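Chemist: Let me give you the structure first, and then I'll get to my questions.
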Amino acid sequence: MARGLPEKKPLPGVKSIILVASGKGGVGKTTTAVNLACAKYTKLRQNLKILPSAYTIRFTHNKKDVNEHRAKVMARGLPEKKPLPGVKSIILVASGKGGVGKTTTAVNLACAMKVIEPDKEIGLLDADVFGPSVPLMMNISGEPMLNDEHLIEPLLNYGVKCMSMGLLVSGENAVVWRGLMVMQALERLTRHVAWGPLDCLVVDTPPGTGDTHLSLAQNLPLDGAIVVTTPQSAALQVTRRGVNMFEKLKVPIIGMVENMSHAICSKCGTKNFVFGNETKNTAKDMGLEIIESFEVDHNMSECINSGKPAIYALPDSIHAEKYRQLANKVFKYIDNKENQAAKAKEQ
Ligand SMILES: Nc1ncnc2c1ncn2[C@@H]1O[C@H](COP(=O)(O)OP(=O)(O)OP(=O)(O)O)[C@@H](O)[C@H]1O
Ligand SMILES: [Mg+2]
505 MARGLPEKKP
515 LPGVKSIILV
525 ASGKGGVGKT
535 TTAVNLACAK
545 YTKLRQNLKI
555 LPSAYTIRFT
565 HNKKDVNEHR
575 AKVMARGLPE
585 KKPLPGVKSI
595 ILVASGKGGV
605 GKTTTAVNLA
615 CAMKVIEPDK
625 EIGLLDADVF
635 GPSVPLMMNI
645 SGEPMLNDEH
655 LIEPLLNYGV
665 KCMSMGLLVS
675 GENAVVWRGL
685 MVMQALERLT
695 RHVAWGPLDC
705 LVVDTPPGTG
715 DTHLSLAQNL
725 PLDGAIVVTT
735 PQSAALQVTR
745 RGVNMFEKLK
755 VPIIGMVENM
765 SHAICSKCGT
775 KNFVFGNETK
785 NTAKDMGLEI
795 IESFEVDHNM
805 SECINSGKPA
815 IYALPDSIHA
825 EKYRQLANKV
835 FKYIDNKENQ
845 AAKAKEQ
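505 is the number of the first residue of the sequence shown in our numbering; add one for each residue after it.
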């Protein structure tokens with residue numbers, strides 16, 4: 505990073521620039537930025553005593569250029585997808601949107617798969633190199649060891665083999681990487697780790713539709729993706745982008761997981777659709793099945809944030825039962841795919 509940072513040139517005519525940022529998704533960056541910008545605008549308007557009837561703020565980009573660029577990147581000599589040695593199947597947990605519960609889903613799914621099929625080997629890869637939260641949620645820490653073949657040994661907890669950038673770089677250092685560096689980090693987390701033997705590797709992904717997703721889809725034989733969303737329009741809109749990206753990259757979508765569908769009032773038991781109730785319509789529109797739906801549950805959040813996934817900490821809860829059902833569906837999906845591949849080979 506110190507190697508000749510480019511000179512910072514001011515933006516012509518711009519007096520000050522304020523970033524609204526967070527390492528975490530879904531914490532309200534855009535909401536804050538929009539309100540902050542509007543608040544400044546309102547103040548300015550008041551100061552100038554100008555009150556125009558309405559403002560429209562429109563963010564535009566040249567869609568044609570963006571699409572052409574993406575198509576070029578995707579078409580540029582796709583590397584051959586090499587299997588991960590000893591890994592039978594790979595499932596992504598993704599969403600275009602941040603903070604919707606991707607990691608919560610990935611962690612509980614991996615643990616639930618181990619719970620319902622204890623003889624199967626399950627792995628959990630944290631592909632969120634910018635904001636890894638698997639170490640916290642799986643309660644793993646410490647520097648991983650290298651084996652005799654110079655491969656990194658995954659850390660084991662709850663019977664699940666885990667690897668995360670959070671174990672390889674110190675916690676507080678925000679990772680400021682782009683493009684190639686992300687791809688190199690992913691290469692390390694996938695091909696330099698002693699994953700095998702594994703029946704299934706669950707991959708937690710960062711928010712967005714960026715370098716990580718492209719790199720994973722281009723380099724690994726992905727069996728399917730689970731798309732996590734919350735029921736508000738803003739999340740569903742971004743989720744749609746994620747689904748479109750997977751379709752373009754030819755990654756089959758197993759289904760949608762709706763998270764934080766509603767909250768139940770602890771006093772009167774009323775269902776409150778705090779984030780709206782749009783998931784069904786969007787799923788139908790995209791031809792996707794909602795394979796599981798989880799309500800907001802304070803206990804579940806508390807468990808996962810203290811490194812005890814609900815599937816273990818609250819095994820009798822509705823959430824734990826739903827994660828077991830989700831795990832069952834994923835196993836069935838993998839089995840079907842394997843059977844189909846075997847039949848295709850015979851023919
Ligand atoms: N059903 C739920 N009920 C209550 N809290 C939840 C639920 N699902 C997730 N959470 C909480 O929401 C927060 C965000 O979840 P999580 O980190 O899994 O989201 P994410 O999509 O992985 O975020 P990021 O985009 O930053 O990676 C966490 O604190 C988690 O405990
Ligand atoms: Mg996450």
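Every residue, glycine too, gets a C-beta built ideally from N, C-alpha and C. Bear in mind the structure is a predicted one, so any value in this text is a computation, not a measurement.
Let's test the definition: count the other Cβ atoms within 10 Å of the Cβ of valine 538 and tell me whether it reaches 16, buried, or not, exposed.
Modeler: For the purposes of this step, residue 538 is taken as residue 34 along the sequence shown, with counting starting at 1. Exposed is the call here.
Chemist: Excluding sequence positions up to five away, which residues of its chain have a Cβ less than 6 Å from the Cβ of lysine 836?
Modeler: Within the sequence shown, numbered from 1, the residue matching residue 836 stands at position 332. There are no such residues.
Chemist: Consult DSSP for valine 524 and reduce its assignment to one of helix, strand or coil.
Modeler: For the purposes of this step, residue 524 is taken as residue 20 along the sequence shown, with counting starting at 1. In this structure, valine 524 counts as coil in the three-state DSSP scheme.
Chemist: Verify whether the separation of the beta carbon atoms of methionine 685 and glycine 811 is less than 8 Å.
Modeler: Position 181 of the sequence shown, counted from the first residue, corresponds to residue 685. Position 307 of the sequence shown, counted from the first residue, corresponds to residue 811. In this structure, glycine 811 does not lie closer than 8 Å to methionine 685 by Cβ.
Chemist: So the candidates are Lys606, Leu792, Gly746, Ile595; which of them puts its Cα closest to the Cα of methionine 617?
Modeler: As a first step, residue 617 must be located in the sequence shown, where it is residue number 113. Ranking Lys606, Leu792, Gly746, Ile595 by Cα distance to methionine 617 puts Ile595 first.
Chemist: Answer yes or no: the CB of serine 637 versus the heavy atoms of ligand 1, is any distance below 7 Å?
Modeler: Position 133 of the sequence shown holds residue 637. Checking every heavy atom of ligand 1 against the Cβ of serine 637, one is found closer than 7 Å.
Chemist: Any idea what DSSP makes of isoleucine 822, helix, strand or coil?
Modeler: Within the sequence shown, the letter at position 318 stands for residue 822. Looking at isoleucine 822 - three-state DSSP - the assignment turns out to be helix.
Chemist: Is the region 624-631 close to the region 690-700, with three or more CB pairs under 8 Å?
Modeler: Result yes; three or more Cβ-Cβ pairs closer than 8 Å.
Chemist: Where DSSP assigns a beta bridge to leucine 650, which residues make up the other side?
Modeler: To locate residue 650, count along the sequence shown from 1; it is residue 146. DSSP output for leucine 650 lists Ile656 as bridge partner(s).
Chemist: Roughly how many angstroms lie between the CA atoms of asparagine 651 and methionine 764, to the nearest whole one?
Modeler: For the purposes of this step, residue 651 is taken as residue 147 along the sequence shown, with counting starting at 1. For the purposes of this step, residue 764 is taken as residue 260 along the sequence shown, with counting starting at 1. C-alpha separation (whole angstroms): 41 Å.
Chemist: In the DSSP assignment, the beta strand (DSSP E) including alanine 598 goes from what residue to what residue?
Modeler: On the sequence shown, position 94 is the one that residue 598 refers to. Alanine 598 -> beta strand (DSSP E) spans 594-598.
Chemist: To the nearest angstrom, report how far apart cysteine 666 and isoleucine 758 are at their CA atoms.
Modeler: Position 162 of the sequence shown, counted from the start, is the residue given in the question as residue 666. Position 254 of the sequence shown, counted from the start, is the residue given in the question as residue 758. Cα to Cα, cysteine 666 sits roughly 22 Å from isoleucine 758.
Chemist: Can you find the residues in the same chain that come closer than 7 Å, C-beta to C-beta, to lysine 606, ignoring five residues on each side of it along the sequence?
Modeler: In the sequence shown, the residue the question calls residue 606 occupies position 102. Correct list, in chain order: Val597, Ala598, Ser599, Asp708, Thr709, Val732.
Chemist: Could you check what DSSP says for glutamate 796 in three-state terms: helix, strand or coil?
Modeler: Within the sequence shown, the letter at position 292 stands for residue 796. Three-state result, glutamate 796: strand.
Chemist: Just verifying my parser: in three-state terms, what is the DSSP assignment at cysteine 807?
Modeler: Working through the sequence shown from its first residue, we reach residue 807 at position 303. Here cysteine 807 sits in helix by DSSP.
Chemist: Roughly how many angstroms lie between the CA atoms of threonine 609 and threonine 694, to the nearest whole one?
Modeler: Within the sequence shown, the letter at position 105 stands for residue 609. Within the sequence shown, the letter at position 190 stands for residue 694. In a straight line, the C-alpha of threonine 609 is about 20 Å away from that of threonine 694.
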